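Protein chains: 2
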Amino acid sequence: MRIPESILEILRREERFVILSHINPEGDALGSSIALALALRRMGKAADVYNRDGLPSIYGFLPGSDLVRRLEEMKVTPESVVVILDCNDLERVGISERMDCKLSMVIDHHETESDYGDIRWIEPECPATGMMIYYLLKSLDAGIDSVMATNLYTAISIDTGTFRYSNTTAETLLAGADLIRLGADPSFVAERLYESWSRNRFMLLIETLNTLEINRVGSITVATTVITSEMFRRTGTTSSDTENFSNFPRKIEEVHISALFRETEDGRWKASLRSKGDVNVARIASHFGGGGHKNAAGFLLDGDIEEIKRAFLKAVSENLLVKT
Amino acid sequence: MRIPESILEILRREERFVILSHINPEGDALGSSIALALALRRMGKAADVYNRDGLPSIYGFLPGSDLVRRLEEMKVTPESVVVILDCNDLERVGISERMDCKLSMVIDHHETESDYGDIRWIEPECPATGMMIYYLLKSLDAGIDSVMATNLYTAISIDTGTFRYSNTTAETLLAGADLIRLGADPSFVAERLYESWSRNRFMLLIETLNTLEINRVGSITVATTVITSEMFRRTGTTSSDTENFSNFPRKIEEVHISALFRETEDGRWKASLRSKGDVNVARIASHFGGGGHKNAAGFLLDGDIEEIKRAFLKAVSENLLVKT
């Protein structure tokens, strides 16, 4: 990967940095931000990290995560260099107005959405922004200490499913190996990311799996699961405990679509659709007024859950059976 | 890792190899066996792979897996070199009598259980036998092709939870990176290992999770699950469908030990123990005459399952509460 010389130059030359990332931040946004801030501080510069939503509690394990503050506290001066990580427009950061800063810089691995930023370094082929920051820090003089290494290892882990997704390459594992040598503990990170569920959340998963139904719609196999308000109440959980639940039935080889229907606080039904390969669930979601991407989409409906499931299967049949 | 010179010499010198591994083989036993056999064949030698239980269907994706035949078909002659992989005694292979062979060789990463083998190469610190075979093949002249690379990548993936367990080191990721360069596809292997379950297997998982009990033994939290013969019958599954089931309850943050008890065909109970961090389940397994590693061990007992669970919890209390 070729790091733009102008970025290295600015990081070496300037003295004040404000590091921002996208709303609802996950491990790549957070780990990249913290690692970059710590490296800049080690180089004797001022570097602060802000996020509209602050630090989600599940990322409290990240060393240095106390650096992450909310946007309300942000201080940008005409001397500041603003660095936007893991997204590339201001709206995704949760900011509506351009800032009065010295320079703005974007470092991201997502396709461009806007032209924000005086300097833009976008690598859509790179699996994680954490990989870009890793290469960046290797090229700076600061060195990567064990705290930065843990943050970058977490960033790369989240965006590659810890080396399981199709964006994983030999280079990803080489970066991981180097970060372990520099102090990241792979099982600690994996344990915090994948094995730190509350008991209540696990009980909710079991109850959810017990609702599994598998239907064949033409050539498409659809798994449906349901979470009622009563299930949330019984297990002492909330909707925030259901992250990733819709992925579980994808473990079944024959399943093309996994649909999780969960009751909202106002008694509606939120559908989370996940699909494999070429099966496009965004088309089904849009049929119900929802949206999303090809393999992950959703919609919201009122009514009886059994009728909703029937309507959903009908929509699968009408929207997907003729593949285009 | 230092490869015994005698092993390299024998593999180079001898002409006929019989490769064996443990009963109920998993990805490490199978991937290591197939990769070694293919390398030896490429070197112009005869090399056959046998396993008492043949090839479990979930490993049918392994290229070269048609090499794996059942023990009944085994042909050992006085010219054969017998190579035992991923275990180190004949009983684990499912063989009761010593074989009339030229030489026997053991390559394993488990603690020794017996002294079988004219040449023994045991590396208890190594996360997978597949890592040992990887280093071995790097030292031979055969080279590693993409088929061998996929088998070794799978072997290492299985025994490290695809780089998530505490046995994962920088060297593990370096080997993984090299195997990707040599042709292993990380997302293909992950999808086959983690998202290619039969529907029956998924139903068995749900039934298994429904047996979950969580007990507090002093400072240790223990999750137990049970699979009865009746559950296998009802879901149309076998013991080979239970791989990794014992890991599921580890998702719960407070759980230190997850113990899965499954009924064997002859009505005994096989316990699979998994633990986190410093909790050493090998000590508990050895209390019951079993064995294994610190974080993954097992044993076999006769009796009533409720009594076995009670005895197990008592053993946890007696063997773990005073940490040394």
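Chain order of the listed sequences is A and B. Read in order, the letters of the first sequence correspond to residues 0 to 323 in numbering that gives the first Met the number 0. Read in order, the letters of the second sequence correspond to residues 0 to 323 in numbering that gives the first Met the number 0. In this text, a Cβ means the ideal position worked out from N, Cα and C, and glycines have one as well. All values reported here derive from a predicted model rather than from experimental measurement.
Checklist entry - Cβ of valine 81(B) within 8 Å of Cβ of isoleucine 106(B)? => result no
Item to check | Under 7 Å (Cβ pairs) to chain A, residues found in the stretch 163 to 176 of chain B | outcome: Arg163, Tyr164, Ser165, Thr167, Thr168, Ala169, Leu172, Leu173, Gly175 and Ala176
Checklist entry - arginine 273(B): buried (16+ other C-beta within 10 angstroms of its C-beta) or exposed? => result buried
Checklist entry - List, in order along the chain, the chain B residues whose C-beta lies closer than 8 Å to that of tyrosine 249(A)? => result Looking at the sequence shown, residue 249(A) is not tyrosine but arginine. Simply Glu194.
Item to check | Check whether threonine 149(A) and glycine 175(A) have beta carbons under 8 Å apart | outcome: no
Checklist entry - Quick one: is arginine 97(B) buried, meaning 16 or more other Cβ sit within 10 Å of its Cβ, or exposed? => result exposed
Next on the checklist: Assuming serine 103(A) is part of the alpha helix (DSSP H), what are its boundary residues?
Outcome noted: No alpha helix (DSSP H) holds serine 103(A); the beta strand (DSSP E) holding it covers 102 to 107.
Checklist entry - Buried or exposed: where does arginine 12(A) fall if 16 or more other Cβ atoms within 10 Å of its Cβ makes it buried? => result exposed
Item to check | Sequence-distant residues of its chain with Cβ nearer than 6 Å to glycine 53(A) (five each side left out) | outcome: Arg69
Checklist entry - Applying a beta-carbon distance threshold of less than 7 Å, which residues of chain D neighbour asparagine 150(A)? => result Among the protein chains of the structure shown, namely A and B, there is no chain D.
Checklist entry - Do you know whose CA, among Lys313(B), Ala258(B), Asp117(B) and Glu194(B), lies nearest alanine 296(B)'s CA? => result Ala258(B)
Item to check | Chain-ordered residues of the stretch 197 to 211 of chain A with a beta carbon less than 9 Å from chain B | outcome: Ser197, Arg198, Arg200, Phe201, Met202, Leu204, Ile205, Leu208, Asn209 and Leu211
Checklist entry - Which chain B residues sit within Cβ distance under 7 Å of threonine 161(A)? => result Thr161, Phe162 and Arg163
Next on the checklist: Counting only Cβ pairs nearer than 7 Å, list the residues of chain A close to serine 186(B).
Outcome noted: Arg163, Tyr164, Ser165 and Thr167
Checklist entry - Relative to chain B, which residues along the stretch 249 to 274 of chain A have a C-beta separation below 9 Å, given in chain order? => result Arg249, Lys250, Ile251, Glu252, Glu253 and Val254
Checklist entry - What distance in whole Å lies between the Cβ atoms of alanine 154(B) and aspartate 27(B), which are believed to be in contact at a cut-off of 8 Å? => result 4 Å
Checklist entry - Helix, strand or coil: which one does DSSP assign to leucine 313(A)? => result The residue asked about is misnamed: residue 313(A) is lysine in this sequence, not leucine. Lysine 313(A) falls in the helix class under three-state DSSP.
Item to check | Cutoff 7 Å; reference glutamate 327(A); Cβ partners in own chain excluding five residues on either side | outcome: Given a span of 0 to 323 for chain A in the structure shown, any question on residue 327(A) remains unanswerable.
Next on the checklist: What would DSSP say about serine 238(A), mapped onto helix, strand or coil?
Outcome noted: helix
Checklist entry - Within 8 Å (strictly less), CB to CB, does glutamate 190(A) reach chain B? => result yes
Next on the checklist: Using 8 Å for Cβ pairs, my map puts cysteine 100(A) next to valine 75(A). What's the rounded Cβ distance?
Outcome noted: 5 Å
Checklist entry - Is the shortest distance between the beta-carbon of isoleucine 83(A) and the beta-carbons of chain B less than 8 Å? => result no
Checklist entry - Mapping DSSP to helix, strand and coil, what is lysine 269(B)? => result strand
Item to check | Length of the line joining the Cα atoms of aspartate 140(A) and methionine 42(A) | outcome: 8 Å
Item to check | Sub-8 Å separation of serine 197(B) and glutamate 252(A) beta-carbons | outcome: yes
Next on the checklist: Please report the straight-line C-alpha distance between methionine 230(B) and proline 62(B), rounded to a whole angstrom.
Outcome noted: 32 Å
Checklist entry - If you draw a straight line from the alpha carbon of glycine 290(B) to that of valine 280(B), how long is it in whole angstroms? => result 9 Å
Item to check | Nearest-angstrom Cα separation, counted from aspartate 88(A) out to alanine 189(A) | outcome: 30 Å
Checklist entry - Taking the continuous beta strand (DSSP E) assigned at tyrosine 49(A), which residues delimit it? => result 45 to 50
Checklist entry - Per DSSP, phenylalanine 298(A) is paired with what? => result Ala270(A)
Item to check | Close beta carbons around leucine 136(B), own chain, < 6 Å, minus the five adjacent residues each side | outcome: Ala38 and Ile143
Checklist entry - Quick one: what does DSSP say alanine 183(A) is sitting in, helix, strand or coil? => result coil
Checklist entry - Is arginine 180(B) close to chain A, meaning its C-beta is less than 8 Å from at least one C-beta of that chain? => result yes
Checklist entry - In chain A, which residues lie with their C-beta within 7 Å of the C-beta of isoleucine 213(B)? => result Arg198
Checklist entry - Apart from the five residues on each side of it in sequence, which residues of its chain come closer than 6 Å, Cβ to Cβ, to lysine 269(B)? => result Arg261, Thr263 and Leu299
Checklist entry - Under three-state DSSP, which class holds glutamate 262(A)? => result strand
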